[in-house]
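Chemist:
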Amino acid sequence: MQSRLRYAYRGLVVPVFTPFKNDSKRTVNASLIPRYSDYLRSKSITGVLVNGTTGEGMTMTVGERKKVAEAWSAAAKINDQHLVVQIGGTNLADVKDLASHAESLGVSAILSLPELYYKPSSVDQLFDYLTEISDAAPKTPLLYYHFPNMSKVSIHMGRFLESIGDRIPTLVGIKFTSTNLEEASHAVQADNRRFTIFLGSNEIIPAASVVGIESFMPSTANLFPELVRAIIEHSRDGDYKNAKAKQETLLQVFKGLARLGNPIVCMKAAMAQLSPIEVGPSREPLGAINELGQNQINSLLHKFKSANF
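Okay, here's the thing in structure tokens:
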């Protein structure tokens, strides 16, 4: 049996947007990716996740997802960034192909959603699915993507991780996009704290830190990298008063954007106002921002920039 893979990364990983051109096909704009990587590195971001929910990975073809992964792989090597590639969200044969491709690029880790139509309903079914993926990329650390609100797969992550043992040698942790702190705490403690737990939620960074989570993948770090890093650092240092205050500021902006439309669509529009990186529009079925919506986003951001957040 293959020995367990080691995975030492801890900290912040930014789930990046996929740049699309503002044309009828929303063509992938891979030429922007080196500048995007440079920008994040200038903000002390040392980890990126591509082709995830924020990156609209499930709207892209296998060829497009490979193109994006290749562009980020090249940029991440230059900027010494930890690169995680999300490979789930399509049929199993393509998931395994994407896993193998990611391994050929030498990425730091792969992340996978569960099967999204024939959904696993038991620990054993999820184990079997992830084993197939692990076998396709046997040298690359594997993270499972737990996002029950979207995937509708609600297998308890603490109990799942407790059951793994040595059966999936490449499985090193999970991305936990949920606000269930009991489940998060159980996952952190599983198998003597063996697994890396990345929090994917924007809403509960300080609270997740209290239960032992040390690593984070919040989408808002694209827009407010300094603010998110400050929340994480205050939480790590036990300064929960400042962590809570900054978390509340982050949530006001995030919820304000979400009230104006799809959060990914609105965050992509906001990023053009907050950074030198214009990642372009989103693909269908997420929709688009009209002029009124853009003006509302600009007004919201002006309010918070004026408050020196």
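Counting from 1106, one number per residue, gives the positions in the sequence shown under this note's numbering.
Backbone N, C-alpha and C define an ideal beta-carbon position, used for all residues, glycine too.
Quick caveat, the model's predicted, so the values are computed rather than measured.
1. Enumerate, from N- to C-terminal direction, the unbroken alpha helix (DSSP H) stretches of 4 or more residues contained entirely within the region 1278–1336.
2. When you compare only the Cα positions, how much space is there between CYS1371 and ARG1131?
3. Can you tell me which of ALA1181, ALA1241, SER1387 puts its alpha carbon nearest to the alpha carbon of GLY1193?
4. Helix, strand or coil: how does DSSP classify PRO1246 here?
5. Could you give the distance in angstroms between the alpha-carbon of VAL1358 and the alpha-carbon of ASP1271?
6. Compare the C-alpha of HIS1339 against each of VAL1316, THR1236, ILE1269, PRO1311 and name the closest.
7. Please go through the region 1186–1253 and give each complete alpha helix (DSSP H) segment of 4 or more residues, from N-terminal end onward.
8. Quick check: ILE1150 and VAL1119, are their CB atoms within less than 7 Å of each other?
9. Alpha carbons only, please: which of ILE1183, SER1314, LYS1172, ALA1198 is nearest the one belonging to ALA1348?
10. Quick check: GLU1188 and LEU1216, are their CB atoms within less than 7 Å of each other?
11. Counting only the same chain and skipping the five closest in sequence on each side, list residues whose C-beta sits under 7 Å from that of ASN1134.
12. Closest to HIS1261 by CA distance: which of GLU1353, GLU1169, PHE1281 is it?
13. Could you check whether VAL1293 and GLY1278 sit closer than 7 Å to each other, using their CB atoms as the reference points?
14. Helix, strand or coil for PHE1122 per DSSP?
Modeler: Checking against the coordinates, here is how it stands:
1. 1286–1298, 1310–1315
2. The sequence position of residue 1371 within the sequence shown is 266, counting from 1. The sequence position of residue 1131 within the sequence shown is 26, counting from 1. Rounded to whole angstroms, the gap between the alpha carbons of CYS1371 and ARG1131 is 16 Å.
3. Taking the first residue of the sequence shown as 1, we reach residue 1193 at position 88. It is ALA1241 whose Cα lies nearest to the Cα of GLY1193.
4. Walking along the sequence shown from the start, residue 1246 turns up at place 141. The answer is coil: DSSP assigns PRO1246 none of H, G, I, E or B.
5. Within the sequence shown, numbered from 1, the residue matching residue 1358 stands at position 253. Within the sequence shown, numbered from 1, the residue matching residue 1271 stands at position 166. Each residue's Cα considered, the two are about 43 Å apart.
6. In the sequence shown, residue 1339 corresponds to position 234, counting from 1. Looking at the Cα atoms, PRO1311 is the closest of the given residues.
7. 1197–1210, 1228–1241
8. Residue 1150 sits at position 45 when you count from the first residue of the sequence shown. Residue 1119 sits at position 14 when you count from the first residue of the sequence shown. For ILE1150 and VAL1119, yes; Cβs fall inside 7 Å.
9. What you label residue 1348 is simply residue 243 of the sequence shown in a count that begins at 1. Minimum Cα distance to ALA1348 is reached at SER1314.
10. Looking up residue 1188 in the sequence shown gives position 83. Looking up residue 1216 in the sequence shown gives position 111. The sequence shown places Leu at residue 1188, rather than the Glu named in the question. Result no, Cβ atoms of LEU1188 and LEU1216 do not sit closer than 7 Å.
11. Here residue 1134 is taken as the residue at index 29 of the sequence shown, counted from 1. Closer than 7 Å at the Cβ level, and outside the excluded window around ASN1134, lie PRO1124, PHE1125, LYS1126, GLY1385.
12. Counting from 1 along the sequence shown, the entry for residue 1261 is found at position 156. Residue PHE1281 is the option with its Cα nearest to HIS1261.
13. Counting from 1 along the sequence shown, the entry for residue 1278 is found at position 173. Counting from 1 along the sequence shown, the entry for residue 1293 is found at position 188. No.
14. As a working note, residue 1122 is residue 17 in the sequence shown. It is coil, neither helix nor strand.
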